[in-house]
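For reference, the structure discussed in these notes is given below.
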Amino acid sequence: MSETKKSFKNPISLQIDPALFEKAGDEEKAQQVTMRESVSFTKDALRRLRKNNIAMISLFVIVVIALIAFIVPNFYPYTYTKQDVTAQNLAPFQYSVKEQAQMEKGKSVFPHIMGTDALGRDYAIRVIYGTRISLLVGIFSALIVIVIGIVYGSISGYFGGKVDMIMMRLVDIIYSLPDVLIVILLSVAIKDWVAASGSSLVARLGAGMVSIFIVFGLLYWVSMARQVRGQILSIKEQEYVLASKAIGASPARIIRKHMIPNCVSVIIIIAAMQIPSAIFTESFLSFLGLGVSVPMPSLGSLASDARTGLRSYPYQLLFPALAIFLIVLAFNLLGNGLRDAFDPKLRN
Amino acid sequence: MNAKFLSYLIKRLFMALLTIFLVVAITFFVMHAIPASPFSSEKAKSDTVIAALEAKYGFDKPVPIQFLNYLKNILHGDFGLSTGWVGNTVMELIIGGFKYSARIGFTAGVLALVLGVILGSIAALRRGGPLDKFIQVATTALVSMPSFVMATILLLIFSLKLGWLPSLGNQPGGLILPIISLSLYPMAYTTRLQRSSMLDVLGQDYIRTARAKGVKNSRVIFKHALKNTLTPVITYAGPMMAYILTGSMVVENIFSVPGLGRLFTNSMLRTDYMMIMGVTIFLATMIILMNFIGDILYKVVDPRIDLS
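Chain order of the listed sequences is A and B. Counting from 0, one number per residue, gives the positions in the first sequence under numbering that gives the first Met the number 0. Counting from 0, one number per residue, gives the positions in the second sequence under numbering that gives the first Met the number 0.
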């Protein structure tokens, strides 16, 4: 047997000679084990993001602001509606005569960190509530944009052809509509409708808020849809999609399992860019008196109310102005960081 | 002008007109979906008076007929009669307000574009230097500030605290602050656009060729680079117009300028539906036309762009 193994029938035959091979030992096997975990795209991007100091500071600022906005009102001694005629237009850390009398009696009075407004309401809690509204608007608008944009964009990109053409024409038209004007128009119309309908939830949110969300749902998703579609169009040509199709996967499954995970970077970038612009729009409308309904404060309406006493109480403008500036700046910088981390090609 | 460009022009014009029509339709039907009659808010009026008023303004007809009439009228420049400023047509009021808004908006727009291009180019040419860093930080801060915050802070500093400039728009020099507050955001945005576009162009082969030939630095920048950097800025003209026109609503209110933006917010307070419709359509048309002009200019300036 051993003789026949050694000599080939034909020297140029490709037949493998088993005698030339030996079993791998445990040590050799260990060499083949990957020592480093494989790095997925998302992990890699998050690593890049963590290295970006500005983005991490912005994220930290956003988290701190969000914690303050959602936790502090639960145990804060003042509410945003409580009026006190004896404590009107107090400066930060100033106490009204009544409060001073109470303090002399030995009672502890929580300081008005940002003073009070013209109706004697604690200003700090109003600014905190306004911040909460801004954050909620930003996050909800991002969610609306993500859901509608992904569904619309992926359907358009996946089916292509006539479906794509018609859907993208619609996007072109929506894209060129002046959005802020439509928001204003809708909130004017809805204001009357809210007054007529008397629905408690709608009335509490205010006509402006309802119309902002309607308009986000109707108009703001177009850039997301465009980007997702573009991404899907290129992914569609990949071999793994063909393979998936060949084994009989349904379009919904292919979109869900193969295409959307590969659009993640575009989705994250566009959603992050959406948040500051939504916050801008809400504060703009509230400033015009079309946003949240009184007595609910918003950073825009606080800034608008501060104009009447601007000369004497400039801090009533500065606090909401600073809050909105910080929020938008942090979201902008985080958005830039996310763009750099998730789309290294765009970096210059 | 070749056939391809002409067909693009026609297609783009058609799109613009379609969008304007859509805005008119949305405006009309949204305003007509409101349950209240424009006259119901006025006090001490009998049903007969309201009926007579509705007949006078054509509100008693079926809505589709009203829409066709409205379309026909606005094509003749007739936006109907104002109910908030009785005795004025909507068109008169719009033209009256537009005179102020156009002056502020045009100056702010030109200021923003010119300064933005200059600052952006400087930042790109001094890339990584202290001046570039300063411009980057300043523009990042400016694009994070809403127009009303900018306007009120400028008002607080320059007019209430320092007393350098008047706080009302009708005083001499009173338009300076509104113009500055409207132009800062677009200026910062243009600066960022121009910076990245300049950096992009400066890395191109033809710039290296020009430098290799020994062309003077100033000539490379002005003759070879600058022209090619302007395309992104041109496409920003449309969105900038939208920003300035909507921004003027708050800025004109803050500085009491009797412009179109203030007229619009006042007509909302007075629930003057004809006025709200008229101003919305007017502003939207301006924005859509500006977008159209921007897109066309973009193709004219840079023939390399694919027209398909």
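Positions of the beta carbon are idealized from the N, C-alpha and C atoms, including for glycine.
Item	Value
Would you tell me roughly how many angstroms separate the C-alpha atoms of F291/B and I103/B, rounded to the nearest one?	22 Å
Using 7 Å as the threshold, is the C-beta distance between L164/B and I175/B below it?	yes
Please list the partners that L185/A has in chain B, where partner means a Cβ-to-Cβ separation under 7 Å.	V29
Have a look at V144/A and M240/B and give me their C-alpha separation to the nearest angstrom.	24 Å
Is it buried or exposed, A23/A, if we count other Cβ atoms within 10 angstroms and call 16 or more buried?	exposed
Taking its Cβ as the centre, do 16 or more other Cβ atoms sit within 10 Å of V265/A, making it buried, or is it exposed?	buried
L184/A and V116/B look like a contact to me (Cβ under 8 Å); what is the Cβ gap, rounded to whole Å?	Actually they are not in contact, since the Cβ atoms of L184/A and V116/B sit about 34 Å apart, beyond 8 Å.
Name the chain B residues whose beta carbon is nearer than 8 Å to that of D171/A?	M14
Classify M0/A as buried or exposed, calling it buried when 16 or more other Cβ atoms lie within 10 Å of its own Cβ.	A caution first: M0/A carries a pLDDT of 44, below 50, which makes its placement in the model too unreliable to give a value.
Which residues of chain B have a Cβ atom closer than 9 Å to the Cβ of N331/A, listed in chain order?	T139, V142, S143
Going by DSSP, what residues sit across from D121/A in a beta bridge?	T115/A
Would you call the CB atoms of V182/A and S210/A closer than 7 Å?	yes
Roughly how far, in whole angstroms, is the beta-carbon of L217/A from the beta-carbon of G156/A, given that I think they are within contact range, below 8 Å?	The Cβ separation is near 21 Å, so there is no contact.
Report yes or no: is there a C-beta of chain B within less than 7 Å of the C-beta of L232/A?	no
Residues of the stretch 104 to 124 of chain B with a CB closer than 7 Å to any CB of chain A: list them in chain order, please.	none
Under 7 Å between C-beta atoms, does L328/A make it to chain B?	yes
Going by DSSP, name the residue or residues bridged to T88/B.	L80/B
If you follow the alpha helix (DSSP H) that L30/A is in, where does it begin and where does it stop?	The amino acid occupying residue 30/A in the given sequence is Gln; Leu does not appear at that position. It spans 25 to 31 - the alpha helix (DSSP H) in which Q30/A sits, taken as one unbroken run.
Taking the continuous alpha helix (DSSP H) assigned at F291/B, which residues delimit it?	272 to 300
Candidates S282/A, F215/A, L118/A, D163/A: which alpha carbon is nearest A141/A's?	F215/A
Looking at the ligand SAH, does it come within less than 6 Å of I234/A, judged from the CB to the closest heavy atom?	The model depicted lacks the ligand SAH and carries no ligand whatsoever.
Anything in the stretch 271 to 294 of chain B with a Cβ closer than 7 Å to a Cβ of chain A? List those residues in chain order, please.	I275, T279, L282, A283, I286, I287, N290
Does the stretch 116 to 125 of chain B come into contact with the stretch 187 to 195 of chain B, if we say contact requires no fewer than three beta-carbon pairs (one atom in each stretch) closer than 8 Å?	yes
As a quick exercise: from A18/A, L316/A, R46/A, F139/A, pick the residue whose alpha carbon is nearest that of Q273/A.	F139/A
Take the Cβ of F105/B as the centre, count every other Cβ of all protein chains shown within 10 Å, and call the residue buried at 16 or more, exposed below.	exposed
Could you tell me the alpha carbon to alpha carbon distance between T151/B and Q315/A, rounded to whole angstroms?	11 Å
Show which residues of chain B have a CB atom less than 8 Å away from the CB atom of A188/A.	V29, M30, A32, I33
Alpha carbon to alpha carbon, what distance is there between P260/A and E238/A?	16 Å
Starting from the beta carbon of F147/B, find every residue of chain A whose beta carbon is closer than 8 Å, and list them in chain order.	S282, F283, F286, G299, A302, S303
Could you have a look at S249/A and say whether DSSP puts it in helix, strand or coil?	coil
Would T228/B be called buried (16 or more neighbouring beta carbons within 10 Å of its own) or exposed?	buried
Is it buried or exposed, M164/A, if we count other Cβ atoms within 10 angstroms and call 16 or more buried?	exposed
Nearest-angstrom Cα distance between A322/A and V71/A?	15 Å
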